[in-house]
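Numbering (the numbering used here), first residue to last: 108 to 707. Have a look at the structure below before the remarks.
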């Protein structure tokens, strides 16, 4: 059993069986563990603890107001129950919508002879690139009172009625579903490709119908993935603030996230904390339900050769399904971008789309406005600093996780992944409570945004780095150590070159999030620290200038699209074998006898 602290700073190897390459954390590694733990406590544990204590009236050690009065008051308020109801409807509806679309398209692309598979992948990718708030703006531009669909209806029918309404709970479900179903598609596609399809073939040979094969074989095999990704979609949808504020506040409807925001505007920190805990509790309850549903079930079947699978013929359904899929993807992925793009060139949104009503002024105003330039530069600078902090901590934690199975390292890894389950609005409230006074007064400074962004980026960086770290052969690192390299040399020459693609992906994704993130920026910014998210929200909320907002949205979509393309291109270029060989050459310069002694 490995321990956190060893004696005399020596490294002890465990060379048996599965634990090959696992070491005890000793000496210099103890120092790294302490630094990592301090970063996690500072970024995640301390703000979260302050939030929980504040909801019970305990303000940084002051127990005078301790009690449950805040929880009692919020549950006595009828608006709270309405907010909980809307939140649950949005969560359940979005999850059902996203799972249905994602599983259907994944099965269509991976297991059938559907003719336009590359087209589906690109359209799903485009839908994933569009930020949810911008997707909500395009929804208003298409289905608002003066939106394109209502204008087309009036023009075609000659009536003055407008049948479409952009503001409703169902609208939030559709917008969030269109934004989140690509995540389901990607996860389920991977699960289907990795499954052992010989089981399906055996069932078909035995006389089972296609529906029965799907129900009894395929669906149970991918069910753990469906449940896991469904939990993620549910937690992200109930945690969403931007779309809910955009499509529900104008009709005086609320969700838990909007109640947190307006409680903060009323300076009711305790009430905001209590509502935040309720929101996190709902996510935790869903997680427990998923855990108990899957803990005693094991659907593990891996196909060693993904290409040797029989493709299911769609037969007469091929053309109807092709038409339906193309129309859906066009409406869900292409039309929102076309709507935003068209509106960005109008002199005033709502004018007929004619040549005399077109202008480039919306774009020139963006590039000449100091406020806009400041918002973009703040988002990039804050994102770079925060991602550097998150990547540094992730590298240390993932490396220790690979080297040790101690309880301390597992706890550290758990807390570093915790922000994935915490809504962004809750992270912002926790940051306000933690950093608005001693011992660290970061409020009204850029650092409160940076440290909160770093906490938000931590799970993303961990995920991107961990996958590559697991592919590093422990013999490479240990051979370097035996040949005389210290821990820093092994990290510099072996580990960092191997995980650099993951670091690059984590950096790009973090920067994209900093450009499109709204609730954290809205709650934590001060004069001079506005980000692009604040600019978008204020411009839409205060002036209602759809044409200028659309121009900013086009720039953000372009940046997100380029960033995602760069990330995907980097994934295709990863050649771990060459990296290993290049770094092995440095090891081969040393004694071959020492290296052969290790290569057992």
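Cβ coordinates follow ideal geometry from the N, Cα and C atoms, glycine included.
Assuming residue i is part of the alpha helix (DSSP H), what are its boundary residues?
i, result
"residue 713", "Since the first residue of the chain shown is 108 and the last is 707, residue 713 is not available in this structure."
"residue 186", "185 to 218"
"residue 249", "239 to 250"
"residue 327", "326 to 345"
"residue 421", "That residue, residue 421, is in no alpha helix (DSSP H); it is neither H nor E in DSSP."
"residue 515", "514 to 524"
"residue 227", "224 to 236"
"residue 262", "255 to 264"
Between residue i and the rest of its own chain, which residues show a CB-CB distance below 6 angstroms, the 5 nearest in sequence each way excluded?
i, result
"residue 654", "450, 453, 456, 469"
"residue 638", "482, 485, 486, 628"
"residue 245", "443, 446, 447"
"residue 440", "230, 233, 234"
"residue 214", "none"
"residue 306", "324"
Grouping DSSP H, G and I as helix and E and B as strand, with all else coil, what is residue i?
i, result
"residue 363", "helix"
"residue 483", "helix"
"residue 165", "coil"
"residue 547", "strand"
"residue 473", "helix"
"residue 434", "helix"
"residue 625", "coil"
"residue 453", "strand"
"residue 465", "strand"
"residue 354", "helix"
"residue 459", "coil"
"residue 638", "coil"
"residue 669", "helix"
"residue 506", "helix"
"residue 562", "helix"
"residue 182", "helix"
"residue 270", "coil"
"residue 374", "coil"
"residue 134", "Because residue 134 sits at a pLDDT of 48, beneath the cut-off of 50, its placement in the model cannot be relied upon, and the following sentence gives the value as read from the coordinates. In this structure, residue 134 counts as coil in the three-state DSSP scheme."
"residue 315", "coil"
"residue 174", "coil"
Quick check: what's the CA-CA separation for residue i versus residue j?
i, j, result
"residue 152", "residue 515", "14 angstroms"
"residue 300", "residue 217", "7 angstroms"
"residue 491", "residue 480", "17 angstroms"
"residue 290", "residue 338", "12 angstroms"
"residue 424", "residue 611", "43 angstroms"
"residue 355", "residue 575", "42 angstroms"
"residue 295", "residue 284", "16 angstroms"
"residue 505", "residue 602", "11 angstroms"
"residue 174", "residue 662", "49 angstroms"
"residue 182", "residue 203", "28 angstroms"
"residue 363", "residue 312", "52 angstroms"
"residue 379", "residue 371", "6 angstroms"
"residue 282", "residue 266", "28 angstroms"
"residue 630", "residue 636", "11 angstroms"
"residue 191", "residue 539", "24 angstroms"
"residue 555", "residue 623", "18 angstroms"
"residue 252", "residue 478", "30 angstroms"
"residue 393", "residue 345", "11 angstroms"
"residue 606", "residue 348", "34 angstroms"
What residues in its chain sit with their C-beta under 7 angstroms from that of residue i, if we drop five residues either side in the sequence?
i, result
"residue 681", "Residue placement at residue 681 cannot be trusted, given a pLDDT of 47 that sits under 50; what the coordinates show is reported in the next sentence. If we look at residue 681 and ignore the five residues flanking it on each side, its Cβ neighbours are 608."
"residue 632", "556, 638, 641"
"residue 658", "451, 469, 470, 473"
"residue 350", "239, 240, 243, 279, 282, 283"
Go through its chain and collect everything with a Cβ distance to residue i's Cβ below 8 angstroms, but skip five positions before and after it.
i, result
"residue 656", "244, 643, 646, 647"
"residue 357", "274"
"residue 222", "425, 429"
"residue 189", "360, 361"
"residue 220", "418, 419, 420, 421, 425"
Verify the contact flag: residue i, CB atom, against every heavy atom of the ligand NAP, threshold strictly below 7 angstroms.
i, result
"residue 348", "The model depicted lacks the ligand NAP and carries no ligand whatsoever."
Three or more beta-carbon pairs under 8 angstroms between the region 655 to 675 and the region 609 to 617, yes or no? The region 655 to 675 is in contact with the region 609 to 617.
Given 8 angstroms as the limit, is there contact between the region 259 to 266 and the region 460 to 477, that is, 3 or more CB pairs closer than that? Segments in contact, no.
Any 3 or more C-beta pairs closer than 8 angstroms across the region 508 to 528 and the region 561 to 577: By the Cβ test, the region 508 to 528 is in contact with the region 561 to 577, since at least three Cβ pairs between them sit closer than 8 angstroms.
If we count Cβ pairs, one from each stretch, closer than 8 angstroms, do we get three or more for the region 317 to 325 versus the region 273 to 289? Output reads no: the region 273 to 289 does not touch the region 317 to 325.
Pairs of beta-carbons, one from the region 493 to 503 and one from the region 139 to 154, closer than 8 angstroms: are there three or more? Counting Cβ pairs under 8 angstroms, three or more are found: they touch.
Just checking, does the region 239 to 256 make contact with the region 325 to 336 on the three C-beta pairs under 8 angstroms criterion? Output reads no: the region 325 to 336 does not touch the region 239 to 256.
Does the contact criterion of 3 or more C-beta pairs under 8 angstroms hold for the region 380 to 388 versus the region 530 to 543? Result yes; three or more Cβ-Cβ pairs closer than 8 angstroms.
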